[in-house]
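Trainee:
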Amino acid sequence: MPSILFVCLGNICRSPLAEGALRAEATRLGLELIVDSAGTGDWHAGEPPDERAQAVALRHGVDISALRARQVRLADFRRFTHVIALDHDNLAKLRKLAPADATAELSLLLDHVEGREGQAVADPWFGDAAGFEVTWAEVTAAARKLAARLRL
Ligand code: 4NP
């Protein structure tokens, strides 16, 4: 079964939104997937998603309130088939961290969306609700593409 880990910096804004979006899309398609998220940093470990992230997901019908932040672990590189970074910094950190026996395919989230290849999902942390809507739109677009690809 495909298993996807989304990774951002704090695991309280972007990656929990990506997790919620992909889980919702998988449910919609009746697709069995393991979906999780983590941060390269550990400052927010154990915390629920940022309230603005919870709010934007809920506005789109997805409840991410039960998620709790955690830091990426070395075992993740073998446990998941796909480890997907939300931006270049976090992708670079993952490449450095990846153990020699890693089996997960590493990629950048927007590389899965035609026309957005090589682009980062901007950190909405310092912005307002409008920024979180942009994040939601981006992770939703990527979740649709990923789910369609994983369904094949
Ligand atoms: P995220 O956003 O990486 O999308 O979860 C951030 C959340 C918190 C911090 C940075 C980014 N922080 O510095 O605490």
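Straight run, no breaks: the sequence shown in this note's numbering ends on number 152.
Every residue, glycine too, gets a C-beta built ideally from N, C-alpha and C.
Computed from a predicted structure; not experimentally measured.
If you draw a straight line from the alpha carbon of ASP128 to that of ARG59, how long is it in whole angstroms?
Mentor: Reading the sequence shown from its first residue, position 128 is the one you call residue 128. Reading the sequence shown from its first residue, position 59 is the one you call residue 59. Spanning the two alpha carbons is a distance of roughly 15 angstroms.
Trainee: State buried or exposed for GLU25, treating a residue as buried only when at least 16 other CB atoms are found within 10 Å of its CB.
Mentor: In the sequence shown, counting from the first residue as 1, residue 25 sits at position 25. The residue in question, GLU25, is buried, as its Cβ has 16 or more Cβ neighbours within 10 Å.
Trainee: Considering only DSSP beta bridges, list what VAL35 is partnered with.
Mentor: The count along the sequence shown starts at 1 and reaches residue 35 at position 35. Answer is ILE4, bridged to VAL35.
Trainee: Please list, in chain order, all residues of the same chain as ASP21 whose beta carbon is under 6 angstroms from its beta carbon, the five residues on each side excluded.
Mentor: Position 21 of the sequence shown, counting from 1, holds the residue named residue 21. The displayed chain sequence assigns Ala, not Asp, to residue 21. Excluding residues within five positions, the ones whose Cβ falls inside 6 angstroms are VAL139, THR140 and ALA143.
Trainee: Alpha carbon to alpha carbon, what distance is there between ILE34 and LEU109?
Mentor: For this step, residue 109 is matched to residue 109 along the sequence shown. For this step, residue 34 is matched to residue 34 along the sequence shown. Taking the straight line from one Cα to the other gives about 17 angstroms.
Trainee: Below 8 angstroms between beta carbons: does that hold for LYS93 and VAL113?
Mentor: Here the question's residue 93 lines up with position 93 in the sequence shown. Here the question's residue 113 lines up with position 113 in the sequence shown. No, the Cβ-Cβ distance between LYS93 and VAL113 is not below 8 angstroms.
Trainee: Which term fits GLU105, buried or exposed, when burial requires 16 or more other beta carbons within 10 angstroms of its beta carbon?
Mentor: The residue given as residue 105 occupies position 105 in the sequence shown. By the 16-neighbour rule on beta-carbons within 10 angstroms, GLU105 is exposed.
Trainee: Buried or exposed: PHE77, going by 16 or more other Cβ atoms within 10 Å of its Cβ?
Mentor: On the sequence shown, residue 77 is found 77 positions in, with the first residue counted as 1. Its Cβ being crowded by 16 or more others within 10 Å, PHE77 is buried.
Trainee: Taking only beta-carbon atoms, is SER15 less than 8 angstroms away from chain B?
Mentor: Among the protein chains of the structure shown there is no chain B, as only one such chain exists.
Trainee: For ARG14, is the beta carbon positioned less than 7 angstroms from some heavy atom of ligand 1?
Mentor: Indexing the sequence shown from 1 puts residue 14 at position 14. Yes, since a heavy atom of ligand 1 falls inside the 7 angstroms radius drawn around the Cβ of ARG14.
Trainee: So the candidates are ARG52, LEU29 and PRO16; which of them puts its Cα closest to the Cα of ALA38?
Mentor: Locating residue 38 in the sequence shown gives position 38, counting from the first residue. Cα-wise, what sits closest to ALA38 is PRO16.
Trainee: With the cut-off set at 8 angstroms, would you say VAL56 and GLU133 are in Cβ contact?
Mentor: Within the sequence shown, residue 56 is the residue found at index 56, counting from 1. Within the sequence shown, residue 133 is the residue found at index 133, counting from 1. Yes; because the gap between Cβ atoms is below 8 angstroms, this pair is in contact.
Trainee: Per the DSSP calculation, ALA85 is bridged to which residue(s)?
Mentor: As a working mapping, residue 85 is identified with position 85 in the sequence shown. ALA85 pairs with VAL7 and LEU108.
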